[in-house]
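Encoded as structure tokens, the structure appears first; notes follow it.
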Amino acid sequence: MEYSLIPRSETVREVLALNRETARYGLTLTAEQAAALTQTQRQALRDTGRIQFRSGTLERLIALFCDSPYIAPDEWERALHALLELFYQFKNTLGETTGDEALMQAMKDAFDGPCRGSLELLADAFDRKERL
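Quick note on numbering: numbering that gives the first Met the number 0 labels position 46 of the sequence shown as 45, and the sequence is numbered without any gaps.
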């Protein structure tokens with residue numbers, strides 16, 4: 000079963016278009032990295048039993064996190080893979096009571112704030128259901 004109705008090629012193009020914005024922070028993705036991220040997104044959807052009807056989750060995470068002082072160019076792709084997985088896990092934990100934008104902003108605030116760039120601390124905070 001396909002968990003996203005968005006063609007992979009469309010998502011890859013949209014992700015690569017964001018390189019114009021993220022390059023000013025020294026962060027860019029190759030076509031291969033963008034394709035790998037779309038695969039991670041699809042796997043995260045499968046793992047969490049979620050279905051995506053519209054694009055934008057990956058792109059919004061990229062746009063939101065690209066200015067983080069805690070993400071170096073050599074960590075950019077790895078961080079995005081982890082953030083995608085965490086986003087869908089958190090969506091399952093919080094249910095539909097928290098909108099996507101609010102959840103992403105809470106993730107960013109925690110990542111840049113008390114978590115100081117630690118993806119592990121970010122995951123732990125939500126696992127403990129702390130208020131971020």
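A virtual CB, placed ideally from N, CA and C, is assigned to each residue, including glycine.
The model shown is predicted, which means the values in this text are computed figures rather than measured ones.
Under DSSP, the alpha helix (DSSP H) around residue i begins and ends at which residues?
i	result
Ile61	Thr56 to Phe64
Tyr69	No alpha helix (DSSP H) contains Tyr69, which DSSP labels as neither H nor E.
Thr39	Ala30 to Thr47
Ala105	Asp99 to Asp111
Leu83	Trp75 to Leu93
Thr21	Asn18 to Thr21
Using a threshold of 8 angstroms, state whether the C-beta atoms of residue i and residue j are closer than that.
i	j	result
Ile50	Leu57	no
Phe86	Met103	yes
Leu26	Pro72	yes
Given a threshold of 16 other Cβ atoms within 10 Å of its Cβ, counted over all protein chains shown, does residue i qualify as buried or as exposed?
i	result
Ala16	exposed
Ala109	buried
Thr96	exposed
Leu36	buried
Glu76	buried
Thr21	buried
With a CB to CB cut of under 6 angstroms and the five nearest residues on each side skipped, what residues in its chain are close to residue i?
i	result
Met106	none
Gln40	Leu57 and Leu83
Glu9	none
Asp123	none
Quick check on this structure: which residue in the options has the alpha carbon closest to the alpha carbon of residue i?
i	options	result
Arg23	Glu84, Ala62 and Val11	Ala62
Cys65	Leu120, Thr10, Gln38 and Val14	Val14
Arg12	Gly25, Glu31 and Leu26	Glu31
Leu121	Gln88, Glu100 and Gly94	Gln88
Gln38	Pro68, Leu79 and Asp73	Leu79
Gly55	Thr27, Glu100, Gly112 and Glu119	Glu100
Pro68	Gly112, Gln42, Asp123 and Glu119	Gly112
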